[in-house]
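Only one structure is covered here, and it is reproduced in the block below.
Number of protein chains: 2
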Amino acid sequence: MAEGSMRDGLPEGLAALAGFQLSKCGWWLEQRLEEELEPLGIRVRHFLVLAMLSTSETLSQQEMADYLLLDPTLMVGLVDDLEARGLCERARDPRDRRRYRVRITEDGRALHRRARALADAVGADVFGPLSDGELSIVVRAIGRVMEPFWAEQAVRPRRKR
Amino acid sequence: MAEGSMRDGLPEGLAALAGFQLSKCGWWLEQRLEEELEPLGIRVRHFLVLAMLSTSETLSQQEMADYLLLDPTLMVGLVDDLEARGLCERARDPRDRRRYRVRITEDGRALHRRARALADAVGADVFGPLSDGELSIVVRAIGRVMEPFWAEQAVRPRRKR
DNA sequence: TATTGTTATACTCTATAACTATA
DNA sequence: TATAGTTATAGAGTATAACAATA
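Chains as they are written, first to last, in the numbering used here: chain D, 1 to 161; chain E, 1001 to 1161.
In structure tokens form, the structure reads like this:
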């Protein structure tokens, strides 16, 4: 085995890039959750849809696609999946019959609670090295950092992904 | 226009998911940098390769693929791109002639400096809402959180991406 | 004329398999 | 027999374009 092939840390040039670390951290969280959700038969994006629906009376597919920064055409199959398992329901909006009013079902709420518990567990694991105080600062900081992003998304509805 | 279509914030169920916010934050940083680097004719991954090479004498393509969590086959084209522009050089490792010793050139260093300045500018912009103290805490916290991740990557060389 | 949702299709990106040359 | 690098190809994932229904 060639010497120097043992990985004992990132090259300084990479480790110093905060953006790189943060990007990979987000990716790691997502991958970990993806694995945890597999036994539930859903993917992270299904969970995110359920999370949205769990705190909204109803949402249109377009709205959900906007929030998740997903192409609206992907939303079709996503809601199809959930509806086929009885986790949400589509009903035409009587005030604008082009839209659906997508609503979560009781089964959907139950599955969302289980998925949320898994997401919390992943978070607790990944952020385990941090003290409560640090974690709280990080979470609030990220939330504040992202405010302009969400605001900008609102102004330009059709952005590249 | 239907009422309620103006986006004035994320649904509570999404906003409360720290992992979602952090994931999107990483994605945002990457996209922003991708746009900034376009005039330089490179993508984020080229920049990351240059960043690695800038603090290492030489690296093999395999090593770089491991660090970046990219499939080794993708590294071929990446190094091809950089070499074609004279930003790095390939030389066979005399101690193991299967490997390349990839080394950054002076032109490569110059381009890396420019790209690094753009990356710093994106970071300053995105993290602008944070105080210096908060930013410092966040950066160090993420670094600590990622330590086990990089360690795990070292133990299991061939992971799913 | 514009928008929601839908389908089919094209495109991009990544991983897989097979190969070479070295070890 | 295993590994670094390469190539070609298949597969997954995504966006694009065209359509129907409604506004």
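Cβ atoms here follow ideal geometry from the backbone N, Cα and C, with glycine treated the same way.
query                                                                                                                                                                  : result
For glutamine 21 (chain D), which option in E:Asp1132, E:Leu1010, E:Leu1048, E:Ala1016 has the closest C-alpha, if you only look at C-alpha atoms?                     : E:Leu1048
If glutamine 1061 (chain E) sits next to methionine 1075 (chain E), beta carbons under 8 Å apart, how far is it from one beta carbon to the other, in whole angstroms? : 4 Å
Can you grab the Cα-Cα spacing for the pair leucine 17 (chain D) / glutamate 83 (chain D), in whole Å?                                                                 : 42 Å
Aspartate 1070 (chain E) to isoleucine 137 (chain D), Cα distance in whole Å?                                                                                          : Strictly speaking, residue 1070 (chain E) in this sequence is leucine, with aspartate absent from that position. Those two C-alpha atoms are separated by around 31 Å.
Anything in chain D within Cβ reach of cysteine 1088 (chain E), meaning under 9 Å, just list it in chain order.                                                        : What cysteine 1088 (chain E) touches in chain D: nothing, since even the nearest Cβ is about 13 Å away.
Bridge partners of arginine 101 (chain D), per DSSP?                                                                                                                   : D:Ala91
Rounding to the nearest angstrom, what Cα-Cα distance links alanine 65 (chain D) and arginine 140 (chain D) in this structure?                                         : 25 Å
Shorter than 9 Å from the beta carbon of valine 102 (chain D) to some beta carbon of chain E?                                                                          : no
Please look up how many angstroms separate the CB atoms of cysteine 188 (chain D) and glycine 1026 (chain E), rounded, as I've assumed it's under 8 Å.                 : Outside the displayed span of chain D (1 to 161) sits residue 188 (chain D), for which this structure offers no information.
For valine 102 (chain D) and glutamate 30 (chain D), I'd like the C-alpha separation in whole angstroms.                                                               : 25 Å
What do you reckon, are the CB atoms on glycine 77 (chain D) and aspartate 107 (chain D) nearer than 9 Å?                                                              : no
Let's test the definition: count the other Cβ atoms within 10 Å of the Cβ of alanine 110 (chain D) and tell me whether it reaches 16, buried, or not, exposed.         : exposed
In this structure, how does DSSP classify arginine 144 (chain D) when only helix, strand and coil are distinguished?                                                   : helix
Would you call arginine 1092 (chain E) buried or exposed, if buried means 16 or more other Cβ atoms sit within 10 Å of its Cβ?                                         : exposed
Quick one: is glutamate 1063 (chain E) buried, meaning 16 or more other Cβ sit within 10 Å of its Cβ, or exposed?                                                      : buried
Could you pull the start and end residues of the alpha helix (DSSP H) that glycine 128 (chain D) belongs to?                                                           : Per DSSP, glycine 128 (chain D) belongs to no alpha helix (DSSP H) and is neither H nor E.
Round the Cβ separation of glycine 1013 (chain E) and serine 54 (chain D) to the nearest angstrom and send it over; I've been treating them as touching at under 8 Å.  : 5 Å
With 9 Å as the threshold, decide whether the Cβ of isoleucine 142 (chain D) is near any Cβ in chain E.                                                                : yes
Chain D partners of glutamate 1038 (chain E), CB-CB under 7 Å?                                                                                                         : By Cβ distance, chain D contributes nothing, its closest Cβ being about 12 Å from glutamate 1038 (chain E), past 7 Å.
Using CA atoms only, rank isn't needed, just tell me which of D:Asp81, D:Ser56, D:Ala124 is closest to arginine 32 (chain D).                                          : D:Ala124
Taking 9 Å as the cut-off, decide whether the C-beta atoms of valine 122 (chain D) and glutamate 38 (chain D) are in contact.                                          : no
Compute the Euclidean distance between the alpha carbons of leucine 1115 (chain E) and aspartate 80 (chain D), then round it to the nearest angstrom.                  : Position check: residue 1115 (chain E) holds alanine in this sequence, whereas leucine was assumed. Using only the alpha carbons, I get a separation of about 43 Å.
Helix, strand or coil for lysine 1160 (chain E)? Go by DSSP, reduced to three states.                                                                                  : Low per-residue confidence applies at lysine 1160 (chain E): pLDDT is 44, beneath 50, and the placement is therefore not dependable, though the value from the model is reported in the following sentence. Note: lysine 1160 (chain E) maps to coil in three-state DSSP.
Which class does leucine 29 (chain D) belong to by DSSP, given the choice of helix, strand or coil?                                                                    : helix
Less than 8 Å between the CB atoms is what I'm expecting for proline 11 (chain D) and serine 1056 (chain E), so what's the real figure, rounded?                       : 5 Å
Given isoleucine 42 (chain D), which residues of its chain have a CB within under 6 Å of its CB, disregarding the five upstream and five downstream residues?          : none
At a Cβ cut of 7 Å, what residues of the stretch 51–63 of chain D count as close to chain E, listed as they run along the chain?                                       : Ala51, Met52, Ser54, Thr55, Ser56
Closest Cβ-Cβ distance between isoleucine 1042 (chain E) and chain D: below 9 Å?                                                                                       : no
Opposite leucine 1059 (chain E) in the DSSP bridges: which residues?                                                                                                   : E:Val1102
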